[in-house]
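So the protein sequences, as listed, match chains A and B.
Going by the UniProt record's numbering, the first residue of the first sequence is number 1, and it counts up by one from there.
Going by the UniProt record's numbering, the first residue of the second sequence is number 1, and it counts up by one from there.
Structure record follows, encoded as structure tokens.
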Amino acid sequence: MDPESASISSSNGPGLASAPSAPPSQPVIKKAPELPLIERRNWLIHLHYVRREYDACKALIREQLAETHSMCEYALYVQGLIMRGEGQVQESLEVFQTCSLINPKNPDYLKQIGRSLFLLARHKSASEIYSEALKLDDSDWKTHHNQGICWMYLKELGKAKESFKKALHLHRNEKSFVMLGKVFLQENDLNMAIDVYRRAVEYSSENPELLTALGLLYMKVESYQKAFEHLGNALTYEPTNFEAILAAGSIMQMHRDHDVALTKYRIAAAHAPESVPLWNNIGMCFFGKKKYVAAISCLKRANYLAPFEWKILYNLGLVHLTMQQYASSFHFLSAAINLRPRMSQLYMLLAIALTHLEDPENAKQAYEQAVEFDQTDPAIPLNYCVFCYNNDLRPLAVKQLTSFEQRLNAMRQKNSMAQIDKELLEVAAKIWRALQVGDSSSAESTKSPFVDTQLSAVASQTQTPPKDPATDAESPRQPAAVSPQSNEMAAVDNAPSPPVNDPAILDKAEEARQRATMRQALLSGD
Amino acid sequence: MEDKFRDKPQKSQSDGDSKWLDAHSDPLAALYSFTQCMTLADLHGDGEHKLVIADLGTGAYNMKLKVYKGTSLMSENTIIDLPTGVVTFLMDTDEPRTPAIAVASGSYIYIYKNIRPYFKFTLPPLPVNATEKDIWDQVREDKIDIKTVKELLDGIRSEVTESGLTTRTQRFLMLAPGDVEEFVSQHKHSPLKRQTVITCLDTLRKSMADDDAVSCLVLGSENREIYVLDPEAFTVLSMLQIPSVPVFLSVSGLFDVEFRIIAACRDGNLYTVKRDTTVVKPSAELNTQPVGMVRINKNVVVGCMDQTLRCYTTKGKKLWTVQTPAPITTIELMDHQRHGFKAVLVALTNCQVHLYKDKYLVNVITTDSVITGMKFGRYGREDSTLIMINKGGGLLIKILKRTAQFEEGAMVAGPPPAQALKLNVPKKTKLFVDQTMRERESSVVMHRMFQHDLYRLRLNTAKSYVSSLESSLNPISSSLSEPVKLSAQVQGMGPSFRMNIQLTNTSKSTPSRNWFLSFQYSEAIYKLEKYYIPVSILLPGLTYSFETRIECLTDKGISDQIKVMLIKEDSTIPVITAVISMPVSEGQELA
Numbered sequence: 001m002d003p004e005s006a007s008i009s010s011s012n013g014p015g016l017a018s019a020p021s022a023p024p025s026q027p028v029i030k031k032a033p034e035l036p037l038i039e040r041r042n043w044l045i046h047l048h049y050v051r052r053e054y055d056a057c058k059a060l061i062r063e064q065l066a067e068t069h070s071m072c073e074y075a076l077y078v079q080g081l082i083m084r085g086e087g088q089v090q091e092s093l094e095v096f097q098t099c100s101l102i103n104p105k106n107p108d109y110l111k112q113i114g115r116s117l118f119l120l121a122r123h124k125s126a127s128e129i130y131s132e133a134l135k136l137d138d139s140d141w142k143t144h145h146n147q148g149i150c151w152m153y154l155k156e157l158g159k160a161k162e163s164f165k166k167a168l169h170l171h172r173n174e175k176s177f178v179m180l181g182k183v184f185l186q187e188n189d190l191n192m193a194i195d196v197y198r199r200a201v202e203y204s205s206e207n208p209e210l211l212t213a214l215g216l217l218y219m220k221v222e223s224y225q226k227a228f229e230h231l232g233n234a235l236t237y238e239p240t241n242f243e244a245i246l247a248a249g250s251i252m253q254m255h256r257d258h259d260v261a262l263t264k265y266r267i268a269a270a271h272a273p274e275s276v277p278l279w280n281n282i283g284m285c286f287f288g289k290k291k292y293v294a295a296i297s298c299l300k301r302a303n304y305l306a307p308f309e310w311k312i313l314y315n316l317g318l319v320h321l322t323m324q325q326y327a328s329s330f331h332f333l334s335a336a337i338n339l340r341p342r343m344s345q346l347y348m349l350l351a352i353a354l355t356h357l358e359d360p361e362n363a364k365q366a367y368e369q370a371v372e373f374d375q376t377d378p379a380i381p382l383n384y385c386v387f388c389y390n391n392d393l394r395p396l397a398v399k400q401l402t403s404f405e406q407r408l409n410a411m412r413q414k415n416s417m418a419q420i421d422k423e424l425l426e427v428a429a430k431i432w433r434a435l436q437v438g439d440s441s442s443a444e445s446t447k448s449p450f451v452d453t454q455l456s457a458v459a460s461q462t463q464t465p466p467k468d469p470a471t472d473a474e475s476p477r478q479p480a481a482v483s484p485q486s487n488e489m490a491a492v493d494n495a496p497s498p499p500v501n502d503p504a505i506l507d508k509a510e511e512a513r514q515r516a517t518m519r520q521a522l523l524s525g526d
Numbered sequence: 001m002e003d004k005f006r007d008k009p010q011k012s013q014s015d016g017d018s019k020w021l022d023a024h025s026d027p028l029a030a031l032y033s034f035t036q037c038m039t040l041a042d043l044h045g046d047g048e049h050k051l052v053i054a055d056l057g058t059g060a061y062n063m064k065l066k067v068y069k070g071t072s073l074m075s076e077n078t079i080i081d082l083p084t085g086v087v088t089f090l091m092d093t094d095e096p097r098t099p100a101i102a103v104a105s106g107s108y109i110y111i112y113k114n115i116r117p118y119f120k121f122t123l124p125p126l127p128v129n130a131t132e133k134d135i136w137d138q139v140r141e142d143k144i145d146i147k148t149v150k151e152l153l154d155g156i157r158s159e160v161t162e163s164g165l166t167t168r169t170q171r172f173l174m175l176a177p178g179d180v181e182e183f184v185s186q187h188k189h190s191p192l193k194r195q196t197v198i199t200c201l202d203t204l205r206k207s208m209a210d211d212d213a214v215s216c217l218v219l220g221s222e223n224r225e226i227y228v229l230d231p232e233a234f235t236v237l238s239m240l241q242i243p244s245v246p247v248f249l250s251v252s253g254l255f256d257v258e259f260r261i262i263a264a265c266r267d268g269n270l271y272t273v274k275r276d277t278t279v280v281k282p283s284a285e286l287n288t289q290p291v292g293m294v295r296i297n298k299n300v301v302v303g304c305m306d307q308t309l310r311c312y313t314t315k316g317k318k319l320w321t322v323q324t325p326a327p328i329t330t331i332e333l334m335d336h337q338r339h340g341f342k343a344v345l346v347a348l349t350n351c352q353v354h355l356y357k358d359k360y361l362v363n364v365i366t367t368d369s370v371i372t373g374m375k376f377g378r379y380g381r382e383d384s385t386l387i388m389i390n391k392g393g394g395l396l397i398k399i400l401k402r403t404a405q406f407e408e409g410a411m412v413a414g415p416p417p418a419q420a421l422k423l424n425v426p427k428k429t430k431l432f433v434d435q436t437m438r439e440r441e442s443s444v445v446m447h448r449m450f451q452h453d454l455y456r457l458r459l460n461t462a463k464s465y466v467s468s469l470e471s472s473l474n475p476i477s478s479s480l481s482e483p484v485k486l487s488a489q490v491q492g493m494g495p496s497f498r499m500n501i502q503l504t505n506t507s508k509s510t511p512s513r514n515w516f517l518s519f520q521y522s523e524a525i526y527k528l529e530k531y532y533i534p535v536s537i538l539l540p541g542l543t544y545s546f547e548t549r550i551e552c553l554t555d556k557g558i559s560d561q562i563k564v565m566l567i568k569e570d571s572t573i574p575v576i577t578a579v580i581s582m583p584v585s586e587g588q589e590l591a
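Here it is as structure tokens:
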């Protein structure tokens with residue numbers, strides 16, 4: 001207890017206060033008041049800041065800055081962070097620049113300047129600042145990562161990849177994996193993107209977002225088995241993940257597992273009751289279960305929410321066709337054609353509707369369009385053939401039947417596993433016989449059965465087509481993806497965020513958007 | 001001994017929470033304090049635990065060290081600067097075993113024994129830049145001109161940055177030129193020191209793990225250092241530089257054997273310091289700011305600014321993350337020794353305190369205001385007491401009922417509840433079904449009828465378009481020789497209105513002459529003040545205004561259209577026409 005003599009003040013509490021800051025060891029005659037330390041209140045500022053008590057924090061900062069003539073780095077720094085969190089990005093930039101002037105050797109300030117510049121969409125300057133920061137501190141993966149995002153927006157994909165790889169080299173982290181995957185997606189290099197996401201999933205196997213993203217990518221390259229596996233995993237870790245539910249549900253629908261899909265959609269419906277693709281998919285589930293009225297209800301809701309989505313109109317046309325409401329079907333289909341004038345299946349359905357509306361001339365025209373626009377789908381020439389047969393256009397019927405055979409063979413060669421609808425083959429066999437045997441007298445008798453088979457052929461064809469929406473999925477995605485500017489704007493809006501992890505938040509906002517569009521593309525066509 | 005505290009418990013229960021008793025509530029306690037500035041200890045060795053709170057007062061003055069006993073304030077000691085943290089610890093082996101209070105404040109630690117000031121420890125000063133020292137030495141001996149001093153110091157600043165300077169230099173450089181002399185003469189004789197600020201404080205048992213063993217003080221500083229102090233001699237036993245400023249400390253082990261200090265820092269990382277550590281590397285990256293940290297057995301639970309509660313092993317592996325419904329203000333360990341129950345109390349900005357056992361929410365306490373400081377432990381003679389300070393400065397004390405049981409792991413993994421909900425499929429009426437049946441039966445007729453009508457509609461549209469073009473029934477003149485734009489507005493509630501008509505000649509250079517405005521209206525309903533307005537000239541580019549009063553003659557609440565026509569004096573076909581739908585007259589004519 002040696003220092004006792006030096007500093008015990010034997011009086012009670014206030015006594016200690018009354019002889020304040022005189023350093024005990026100093027025998028002072030004329031004592032100078034002790035100077036308050038500039039950083040003495042940093043801890044309190046920090047504490048209020050992390051508790052989000054911004055009002056108290058701002059008052060404290062004001063006081064501190066007045067006392068130190070704006071020379072307190074940390075107070076300025078937190079002021080900048082709060083400003084940015086409240087949306088004053090430009091002002092925050094100025095504050096951080098002041099910080100950096102006071103202490104040019106601290107890379108944190110440069111990083112925050114870069115961040116503010118990035119939020120102001122000045123990617124080029126941001127990237128330059130990040131380079132500066134890297135000169136001071138090369139070991140921070142976040143700086144590399146953020147710089148990579150800047151490169152990405154500047155369309156310097158090569159440099160972006162390099163930055164993300166550096167970030168990953170320094171520290172394996174999910175965010176950089178996700179961004180790297182996105183760069184590959186921008187380059188349309190699906191396989192590399194899948195590879196990156198796979199590594200990310202290996203690193204962090206319980207992240208539902210990553211698993212979902214990987215699942216969606218697998219769906220894009222049509223390996224549904226793997227896709228389903230990953231989506232299933234995602235749902236194990238987060239049973240309410242909206243995207244995963246929709247994607248997994250759509251795969252279930254492909255396998256006609258409508259009941260399971262519906263139970264999953266219930267969760268999604270509670271989460272996003274106004275989602276367009278969701279109601280579209282629910283509608284098609286009911287359609288698959290032959291509950292046509294419910295199907296129409298759901299599809300109409302989807303259509304109400306997104307009146308310009310051609311896939312919903314297509315589905316509505318299809319369901320009404322099945323319900324033998326040919327006039328309504330005609331309207332939905334022609335609306336869809338107005339939105340997507342080069343989609344052959346739409347013309348085919350239109351032709352069928354027109355046939356039933358006893359307008360063979362227009363029906364024939366529609367068939368001609370359909371055959372012209374699509375060279376692979378065997379159902380189109382088959383339906384056309386049936387139509388020709390029923391309308392006594394025998395030579396044309398034979399021609400279409402051969403075309404059907406060719407397409408069928410082409411399909412088999414391309415993919416031996418391809419499932420070909422049995423009904424298609426049956427109808428083909430029937431019409432083949434009719435054309436072989438049939439002379440004009442027997443045509444009379446076969447006529448009516450064919451009207452039926454024709455319908456069934458069509459219906460079954462269109463129920464199956466996970467394929468055609470998937471292939472066509474490419475185009476509707478574009479309208480959303482073409483407008484990166486609007487995406488960016490939204491990202492800036494989302495930006496106010498705690499300081500350290502901001503890249504993630506930015507990314508997520510954008511990612512969700514992209515994924516939403518992708519999901520629509522992949523799913524809504526069923 | 002009188003024990004007010006135990007006699008008091010009121011049976012009223014807060015907000016449907018049956019596990020806690022309200023023991024005491026003082027909304028006017030006016031405390032400005034945080035979790036780290038509160039502690040509970042048996043200060044007098046009489047078995048009754050007191051509550052020690054370092055109060056930040058107004059944040060600028062009136063800082064006090066307050067000791068509560070039961071429901072009343074027992075003593076108050078003034079503190080000079082803002083208190084950063086308070087701990088109690090045993091500094092020697094004397095009997096009776098009464099712990100000392102340590103209050104960290106600025107660059108000092110004030111030690112109180114028996115609630116009396118006892119000792120002041122000053123953090124070891126940091127090295128001062130040699131040139132800087134040299135300059136001030138010269139100043140002391142008056143060998144140097146003050147202006148030169150300023151220039152020289154400015155030079156040093158750009159070299160070693162602001163934080164590398166002594167406070168005296170920093171202040172000196174801030175001064176207005178007039179105050180320099182006085183400042184220098186006042187300070188030149190005191191020794192030059194560079195000091196730092198304590199940011200957090202904790203204790204570490206020295207050589208024995210007993211409850212009443214001697215403990216060392218552990219503190220973190222603004223200069224990114226962690227110190228361990230000897231409890232008796234107050235010398236620095238160990239000092240280590242870490243990469244960022246520590247904010248929260250979590251200490252375990254024994255100093256003489258093996259210890260582990262986990263520091264949550266301002267850069268959002270957790271750093272671990274052990275007995276033999278020399279270079280510190282982040283053990284976990286939070287990617288957000290920590291708001292509080294507690295240790296449960298071998299794991300640390302960190303409350304983060306992004307509304308998550310995360311659990312890490314001491315090695316830095318993340319075990320789980322829980323999303324909280326609102327931002328966290330502070331967290332505190334609930335160690336119920338008798339039940340062997342350890343959980344984390346998390347105060348949120350939505351005026352609730354959530355209790356998490358592992359990752360499961362087991363209890364919610366609702367309060368009137370946001371809680372900013374919490375302490376759980378033995379108070380008075382009651383083992384499990386929760387002390388809370390809210391944003392308004394009120395003090396709340398709750399006691400855990402002895403019968404209270406928290407159900408652990410109540411959450412069972414299974415399908416989310418939403419899966420059981422029925423889908424909200426829109427219902428369809430009988431009418432819908434009837435319509436469907438009708439369409440099925442007569443779709444061909446419907447379709448044809450529709451197509452027919454559609455063609456008629458298109459034809460009619462085309463026809464009226466042509467006729468409007470022919471009779472100039474549009475407000476913008478289509479003739480190329482006389483491009484004029486007309487717009488008209490009606491003002492007023494009725495029965496009298498005013499119509500403003502604006503004409504613009506949109507041609508580039510040709511003025512128009514000798515036109516007039518005329519009106520076509522139903523004379524039974526309206527009376528116009530002017531029904532002929534001459535327009536002598538329209539110069540290109542300018543907008544001309546004309547106006548007329550309109551009286552509505554009927555009180556039947558009907559309205560009609562008025563056509564405004566711009567006509568050339570020698571022609572019978574209007575150049576342009578505007579059709580104005582008059583509003584219904586709402587006013588009554590003054591009788």
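The beta-carbon is built from N, C-alpha and C at its ideal position, and this holds for glycine as well.
Query raised in the report: Does the distance from the CB of A353 (chain A) to the CB of L321 (chain A) come in under 8 angstroms?
Result: yes
**Report entry** Residue-level contact to chain B via CB, Q64 (chain A), 8 angstroms cutoff
**Finding:** Answer no: the Cβ-Cβ gap between Q64 (chain A) and chain B never drops below 8 angstroms.
Query raised in the report: chain B partners of K42 (chain A), CB-CB under 8 angstroms?
Result: Per the sequence shown, the amino acid found at residue 42 (chain A) is Asn instead of Lys. Simply V197, T199, E222 and V245.
Query raised in the report: Which residues mark the beginning and the end of the beta strand (DSSP E) in which C351 (chain B) is found?
Result: Careful: C351 (chain B) lies outside any beta strand (DSSP E) and carries neither H nor E.
Query raised in the report: Does E95 (chain B) have its Cβ less than 8 angstroms from a Cβ in chain A?
Result: no
Query - Endpoints, beta strand (DSSP E) assigned at F376 (chain B) - result: Taken as a continuous stretch (DSSP letters only), the beta strand (DSSP E) holding F376 (chain B) covers I371 to Y379.
Query raised in the report: Excluding the five sequence neighbours on either side, which residues of its own chain have a C-beta within less than 6 angstroms of the C-beta of Y77 (chain A), listed in chain order?
Result: Closer than 6 angstroms at the Cβ level, and outside the excluded window around Y77 (chain A), lie C99.
Query raised in the report: beta strand (DSSP E) containing G114 (chain A): first to last residue?
Result: It is not in any beta strand (DSSP E) - G114 (chain A) instead sits in the alpha helix (DSSP H) that spans P107 to L119.
Query raised in the report: Do you know whose CA, among B:S163, B:R440, B:D142 and B:A213, lies nearest S185 (chain B)'s CA?
Result: Considering only alpha carbons, the answer is B:D142.
Query raised in the report: Who are the near neighbours of E222 (chain B) in its chain, counting only those whose CB is closer than 7 angstroms to its CB and skipping five residues on each side?
Result: Closer than 7 angstroms at the Cβ level, and outside the excluded window around E222 (chain B), lie T196, V197, T199 and V245.
Requested in this report: Kindly say whether A335 (chain A), judged by its beta-carbon, lies nearer than 8 angstroms to any beta-carbon of chain B.
Outcome: Answer no: the Cβ-Cβ gap between A335 (chain A) and chain B never drops below 8 angstroms.
Query raised in the report: Where DSSP assigns a beta bridge to T148 (chain B), which residues make up the other side?
Result: Beta-bridge pairing links T148 (chain B) to no other residue.
Query raised in the report: For the candidate residues A:L408, A:Q406 and A:Y384, whose alpha-carbon lies nearest to that of A397 (chain A)?
Result: A:Y384
Requested in this report: Find out if the Cβ-Cβ distance for the pair L435 (chain A), Y389 (chain A) is shorter than 8 angstroms.
Outcome: yes
Query raised in the report: Using Cβ-Cβ distances below 9 angstroms, what residues of the segment 322–343 of chain B are close to chain D?
Result: Chain labels in this structure do not include chain D; the protein chains are A and B.
Query raised in the report: Residue ranges of each beta strand (DSSP E) run of no fewer than 3 residues wholly in the segment 258–287 of chain A, ordered along the chain?
Result: none
Query raised in the report: Going by DSSP, what residues sit across from D81 (chain B) in a beta bridge?
Result: According to DSSP, which records beta bridges pairwise, D81 (chain B) is partnered with nothing at all.
Query raised in the report: In chain order, what residues of the same chain lie with their CB nearer than 7 angstroms to the CB of L117 (chain A), ignoring the 5 residues before and after it?
Result: L93, S125, A126 and I129
Report task. Give every residue of the same chain whose Cβ lies closer than 7 angstroms to the Cβ of Y314 (chain A), excluding the five residues on either side of it in the sequence, and list them in chain order. Result -> A336 and L346
Report task. With DSSP collapsed to three states, give me the class of A263 (chain B). Result -> strand
Query - I420 (chain A) in three-state terms, based on DSSP - result: coil
Query raised in the report: For R205 (chain B), does the three-state DSSP call read helix, strand or coil?
Result: strand
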